[in-house]
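Engineer: Positions in the sequence shown are counted from 1; adding 360 to them yields my numbering. No residue lacks a Cβ here, since even glycine has one placed at the ideal position from N, Cα and C. Computed from a predicted structure; not experimentally measured. Structure provided below as C-alpha cells; questions to follow.
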Amino acid sequence: NKDTDIAASYDKFGVAHKESLKVLKTHVDFLSLSATPIPRTLKLAMMGLFDLSLISTAPLKRQSIQTLVTPFDKDLLKEVMESEFKRGGQVYFVHNRVKDIEEIELTIISLTKLARPVIVHGQLTATEVQKRMTAFYQGKYNVLLATTIIESGIDIPSANTMIINNAHQLGLAQLHQLRGRIGRSEKKAYAYFLIPAFKELRDEAQKRINAIERYADLGTGLSLATSDLEIRGAGDILGAEQSGHIESVGLELYMELLEEAMRDIKGEEGDSFKDIDIQVNFDCSLPRLYVADEKERLLLYKRISCAKELSSLREIQEELEDVYGPLPSATEVLLTLMEVKITLQGMAIESLKVVGHSILLQFSPQELEKKHLLRDQLIKYFMTLKKSFTIKADFSVVYHDKRGETIDIQKLKDFAYKLKELSS
361 NKDTDIAASY DKFGVAHKES LKVLKTHVDF LSLSATPIPR TLKLAMMGLF DLSLISTAPL
421 KRQSIQTLVT PFDKDLLKEV MESEFKRGGQ VYFVHNRVKD IEEIELTIIS LTKLARPVIV
481 HGQLTATEVQ KRMTAFYQGK YNVLLATTII ESGIDIPSAN TMIINNAHQL GLAQLHQLRG
541 RIGRSEKKAY AYFLIPAFKE LRDEAQKRIN AIERYADLGT GLSLATSDLE IRGAGDILGA
601 EQSGHIESVG LELYMELLEE AMRDIKGEEG DSFKDIDIQV NFDCSLPRLY VADEKERLLL
661 YKRISCAKEL SSLREIQEEL EDVYGPLPSA TEVLLTLMEV KITLQGMAIE SLKVVGHSIL
721 LQFSPQELEK KHLLRDQLIK YFMTLKKSFT IKADFSVVYH DKRGETIDIQ KLKDFAYKLK
781 ELSS
C-alpha cells in the first residue's frame with residue numbers, strides 16, 4: 361500500500377530507505393546483496409554486527425573485463441567504438457552531465473559514421489526513457505549515451521564496451537556498478553575510464569582510479585569495497601548519516617570505542633592485546649628489492665603488525681623465506697621487534713624507547729594497581745639492580761646497559777624475555 365511502498369518513488373535504494381524498513385518491524389531479518397557494499401555496511405559486517413557471506417564463483421564462461429584508464433583521446437574512442445560495431449556489438453557511453461550531453465552526442469557522431477547514438481537521462485519522462493531503452497535493446501541504436509541512471513538493472517548481452525567520461529568525478533562503487541553493465545555474456549568486454557592527466561586529480565580521485573583499474577578481475581567486488589572503506593571511512597555507524605562523530609575522533613579510535621561498547625553490552629571480555637608504542641633507531645623494513653610489489657608489501661606490513669601470537673609471526677617468516685628467499689637483516693629486525701611487542705604483553709607497559717645504551721619504559725600505574733603481584737615483582741627486580749635501573753615517580757623506568765654498550769635488537773629481545781619471566 362501507499363504507506364509501506366517506500367522504494368517506489370525513488371531512483372535509488374539507499375541508507376534512508378533501509379532505515380525506514382527497520383522502523384516498520386523491529387524483529388525482521390534482512391538479506392542484502394551487493395557487488396560493492398558501502399563502507400558503513402562493510403565495516404558493520406567486519407565487526408560482526410552483520411553476518412557476511414561471499415559468492416566468489418563467477419557465472420559459467422564469464423570473462424573478466426579489460427579495463428583501461430586514459431585521457432580523452434578522439435582517435436582511441438573512434439577505434440574502440442568501431443571495433444565493437446564491427447563485431448556486431450553496442451557501446452555504453454556515460455557522461456553524467458545533462459547540461460552538455462548533447463554536445464557529447466555530436467562529438468560521437470563526428471568520430472565515426474557507424475555510430476547511431478541515443479540519449480537517456482533522469483530528466484526525461486519514464487515513458488520516454490523506456491521507449492529509448494527498448495529501441496537500444498532492439499538494436500535500432502548502437503551507442504547508449506547516458507548519465508549514471510544506467511548503473512543498475514541493465515542487462516544487455518550485446519553491449520560489451522563501456523566508455524565513462526570524467527570517471528574521476530564518480531565514486532568507486534559507482535564505477536564498479538557501471539562496469540558491471542558489460543561483460544554479461546561470453547564475449548570479451550572492455551571498459552575505458554576517461555580522466556584528465558593524473559597530476560590534475562585530487563588524492564582521493566587518484567586512489568579511486570587506481571583501485572578500479574587494479575581490481576578488474578571477476579570476484580574483486582569485496583576488494584574494491586575495502587578500498588572504498590579505506591578511502592572514505594565508515595561514516596556514522598549508528599545512524600542513517602554517512603558522516604558524523606567519526607570525523608572528530610578518527611576511524612580507528614571510533615571503531616575501537618564502538619567495539620568496546622558492543623563487548624560491554626554482550627558481557628564479553630575485551631581483546632587483551634595491547635599496542636605498545638615501540639620506538640627504535642634500527643633499520644626495520646621490507647626492502648623494495650626483497651618484496652618488489654607495492655601492494656603485496658603493504659599487505660605483509662599489515663599482517664606483521666596485526667600478528668598477536670609468536671606462532672603467527674613464525675608462519676609469516678616461513679612464508680617470506682619460501683616465497684622471497686632468505687630474510688634481509690632489516691626484515692629480521694622488523695620481525696624481532698614484533699616479537700618483542702608480543703612478548704611484553706601483560707606487563708602493563710605503554711611505551712618503550714631505545715636511546716643509545718638505554719631503554720626507556722613507561723608503565724601504566726592504573727594497570728599495575730590492578731596487578732599487585734606484577735607490580736611488586738617489578739619493583740623488587742628493579743631495586744635489586746639499582747645500577748642498571750632508575751625508577752621515576754610516574755613509574756617510568758630507565759634501563760642502562762652496565763657495560764655502556766649500545767642496545768641492539770638482540771639485547772632488546774633478551775631484555776623483553778627477562779621482563780616476561782617476572783610475570784610467568
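1. Compute the Euclidean distance between the alpha carbons of D637 and L772, then round it to the nearest angstrom.
2. In whole angstroms, give me the CA-to-CA distance for S369 and D460.
3. Can you tell me which of V383, E678, E765, A506 puts its alpha carbon nearest to the alpha carbon of Y452?
4. For F553, count the other beta carbons within 10 Å of its own beta carbon; 16 or more makes it buried, fewer makes it exposed. Which is it?
5. Comparing C-alpha positions only, which one of Q529, T494, I524, A533 sits nearest to I514?
6. Run through the DSSP bridge pairs and tell me what F749 is partnered with.
7. Taking Cβ positions, are V478 and L504 nearer each other than 8 Å?
8. Hey, K731 and A753 are a contact pair by Cβ (cut 8 Å); roughly how many whole angstroms apart?
9. Suppose you measure from the CA of L502 to the CA of K668; what does that come to, to the nearest Å?
10. Between the Cα of V693 and those of L733, D643, Y777, Q498, spot the shortest distance and give me the residue it belongs to.
11. Using 8 Å for Cβ pairs, my map puts F742 next to V757. What's the rounded Cβ distance?
12. Span of the alpha helix (DSSP H) holding T691?
13. Thinking C-alpha only, which one of K567, T521, E679, L745 is nearest K438?
14. At which residues does the beta strand (DSSP E) containing E710 begin and terminate?
15. Find the nearest neighbour of L391 within the set A475, K385, S413, S380, judged by alpha-carbon distance.
16. The alpha helix (DSSP H) spanning S718 covers which residue range?
17. What number of angstroms, rounded off, separates the C-alpha of V715 from the C-alpha of P431?
18. Tell me which residues share the same chain as T703 and place their Cβ nearer than 7 Å to its Cβ, disregarding the 5 neighbours each side in the sequence.
19. The alpha helix (DSSP H) that contains A495, what's its start and end?
20. Out of A549, A527, Q423, E681, which one is the CA nearest neighbour of R457?
21. Taking buried to mean at least 16 other C-beta atoms within 10 Å of its own C-beta, is Q490 buried or exposed?
22. What are the boundary residues of the beta strand (DSSP E) that includes V683?
23. Mind checking whether the beta-carbon of L734 lies closer than 7 Å to any heavy atom of the ligand ZN?
24. In whole angstroms, what separates the C-alpha of S512 from that of L712?
25. Can you look up D637 in the DSSP assignment and give me helix, strand or coil?
26. Mind checking V388: buried by the 16 CB within 10 Å criterion, or exposed?
27. Touch check for the region 535-547 and the region 466-484: three-plus C-beta pairs under 8 Å?
28. Taking all protein chains shown into account, decide if A551 is buried (16 or more other Cβ within 10 angstroms of its Cβ) or exposed.
29. Could you say which of I524, L720, E546 lies nearest to S518 if we only look at CA atoms?
30. With DSSP as the reference, please indicate the residues paired to P477 in a beta bridge.
31. Could you pull out every residue in the same chain whose Cβ sits closer than 6 Å to the Cβ of V609, ignoring the five residues on either side in sequence?
32. For my contact list, L721 and S783 are in at a C-beta cut-off of 8 Å; report their separation, rounded to the angstrom.
33. Have a look at T744 and L687 and give me their C-alpha separation to the nearest angstrom.
34. Just mark K434 as buried or exposed, buried being the case when its beta carbon has 16 or more other beta carbons within 10 Å.
35. Which ranges would you report for the alpha helix (DSSP H) in the region 420-472 if only whole runs of at least 4 residues count?
36. In the DSSP assignment, find the unbroken beta strand (DSSP E) run with Y552 in it and report its ends.
Structural biologist: The structure says:
1. Within the sequence shown, residue 637 is the residue found at index 277, counting from 1. Within the sequence shown, residue 772 is the residue found at index 412, counting from 1. Computed Cα separation, rounded: 14 Å.
2. What you label residue 369 is simply residue 9 of the sequence shown in a count that begins at 1. What you label residue 460 is simply residue 100 of the sequence shown in a count that begins at 1. A caution first: S369 carries a pLDDT of 40, below 50, which makes its placement in the model unreliable, though a value can still be read off. Rounded to the nearest angstrom, the two C-alpha atoms are 27 Å apart.
3. Indexing the sequence shown from 1 puts residue 452 at position 92. Comparing Cα-Cα distances from Y452 to each of V383, E678, E765, A506, the minimum goes to A506.
4. To locate residue 553, count along the sequence shown from 1; it is residue 193. F553 should be labelled buried.
5. As a position in the sequence shown, residue 514 is number 154, starting the count at 1. When only C-alpha atoms are compared, the closest one is T494.
6. For the purposes of this step, residue 749 is taken as residue 389 along the sequence shown, with counting starting at 1. According to DSSP, which records beta bridges pairwise, F749 is partnered with Y759.
7. Start at 1 with the first residue of the sequence shown, and residue 478 comes out as number 118. Start at 1 with the first residue of the sequence shown, and residue 504 comes out as number 144. Against a cut-off of 8 Å, the Cβ pair of L504 and V478 comes out as a contact.
8. What you label residue 731 is simply residue 371 of the sequence shown in a count that begins at 1. What you label residue 753 is simply residue 393 of the sequence shown in a count that begins at 1. So it is not a contact: roughly 19 Å between Cβ atoms.
9. Residue mapping note: residue 502 aligns to position 142 of the sequence shown, counting from 1. Residue mapping note: residue 668 aligns to position 308 of the sequence shown, counting from 1. Contrary to the premise, residue 502 reads as Asn rather than Leu in this sequence. Rounded to whole angstroms, N502 to K668 spans 57 Å at the Cα level.
10. Sequence index remark: in the sequence shown, residue 693 carries index 333 (1-based). Measuring from the Cα of V693, the nearest candidate turns out to be D643.
11. Residue numbering aside, residue 742 sits at position 382 when the sequence shown is read from its first letter. Residue numbering aside, residue 757 sits at position 397 when the sequence shown is read from its first letter. Confirmed, about 6 Å.
12. On the sequence shown, residue 691 is found 331 positions in, with the first residue counted as 1. 689-703 is the extent of the alpha helix (DSSP H) around T691.
13. Sequence index remark: in the sequence shown, residue 438 carries index 78 (1-based). The shortest C-alpha separation from K438 is found at T521.
14. To locate residue 710, count along the sequence shown from 1; it is residue 350. For E710, the enclosing beta strand (DSSP E) covers residues 709-715.
15. As a position in the sequence shown, residue 391 is number 31, starting the count at 1. Comparing Cα positions, the closest option is S413.
16. Counted from its first residue, the sequence shown places residue 718 at position 358. Looking at the DSSP string, S718 is not in any alpha helix (DSSP H); the run it does join, the beta strand (DSSP E), is 718-723.
17. The residue labelled residue 715 in the question sits at position 355 within the sequence shown. The residue labelled residue 431 in the question sits at position 71 within the sequence shown. For V715 and P431, the distance between alpha carbons rounds to 51 Å.
18. What you label residue 703 is simply residue 343 of the sequence shown in a count that begins at 1. If we look at T703 and ignore the five residues flanking it on each side, its Cβ neighbours are A776, Y777, K780.
19. For the purposes of this step, residue 495 is taken as the residue at position 135 of the sequence shown. That run of the alpha helix (DSSP H) goes 486-497.
20. Against the sequence shown, residue 457 aligns to sequence position 97. Taking only the C-alpha atoms, the option nearest R457 is A527.
21. Taking the sequence shown and counting its residues from 1, the one referred to as residue 490 is at position 130. Exposed, since its Cβ has fewer than 16 Cβ neighbours within 10 Å.
22. Indexing the sequence shown from 1 puts residue 683 at position 323. Counting along the chain, V683 falls outside any beta strand (DSSP E), though it belongs to the alpha helix (DSSP H) covering 670-684.
23. Ligands are entirely absent from the displayed structure, and the ligand ZN is therefore not among its contents.
24. Taking the sequence shown and counting its residues from 1, the one referred to as residue 512 is at position 152. Taking the sequence shown and counting its residues from 1, the one referred to as residue 712 is at position 352. When rounded, the distance between both Cα atoms is 53 Å.
25. Counting from one through the sequence shown, the residue named residue 637 turns up at place 277. Of the three classes helix, strand and coil, the one that applies to D637 here is strand, per DSSP.
26. Residue 388 sits at position 28 when you count from the first residue of the sequence shown. Exposed, by the Cβ-count rule.
27. no
28. By 1-based counting over the sequence shown, the position of residue 551 is 191. Buried: at least 16 other Cβ atoms inside 10 Å.
29. Position 158 of the sequence shown, counted from the start, is the residue given in the question as residue 518. Considering only alpha carbons, the answer is E546.
30. Taking the first residue of the sequence shown as 1, we reach residue 477 at position 117. Answer is V503.
31. Against the sequence shown, residue 609 aligns to sequence position 249. Bear in mind that a pLDDT of 47 at V609, under 50, signals an unreliable position, so the number given afterwards is only what the model happens to contain. There are no such residues.
32. Numbered from 1 along the sequence shown, position 361 holds the residue referred to as residue 721. Numbered from 1 along the sequence shown, position 423 holds the residue referred to as residue 783. In fact, because the Cβ distance is near 14 Å, the residues do not count as touching under 8 Å.
33. Counting from 1 along the sequence shown, the entry for residue 744 is found at position 384. Counting from 1 along the sequence shown, the entry for residue 687 is found at position 327. Answer to the nearest angstrom: the Cα atoms are 39 Å apart.
34. Taking the first residue of the sequence shown as position 1, residue 434 is located at position 74. By the neighbour-count rule (16 or more Cβ atoms within 10 Å), K434 is not buried but exposed.
35. 434-446, 461-471
36. Here the question's residue 552 lines up with position 192 in the sequence shown. Residues 549-554.
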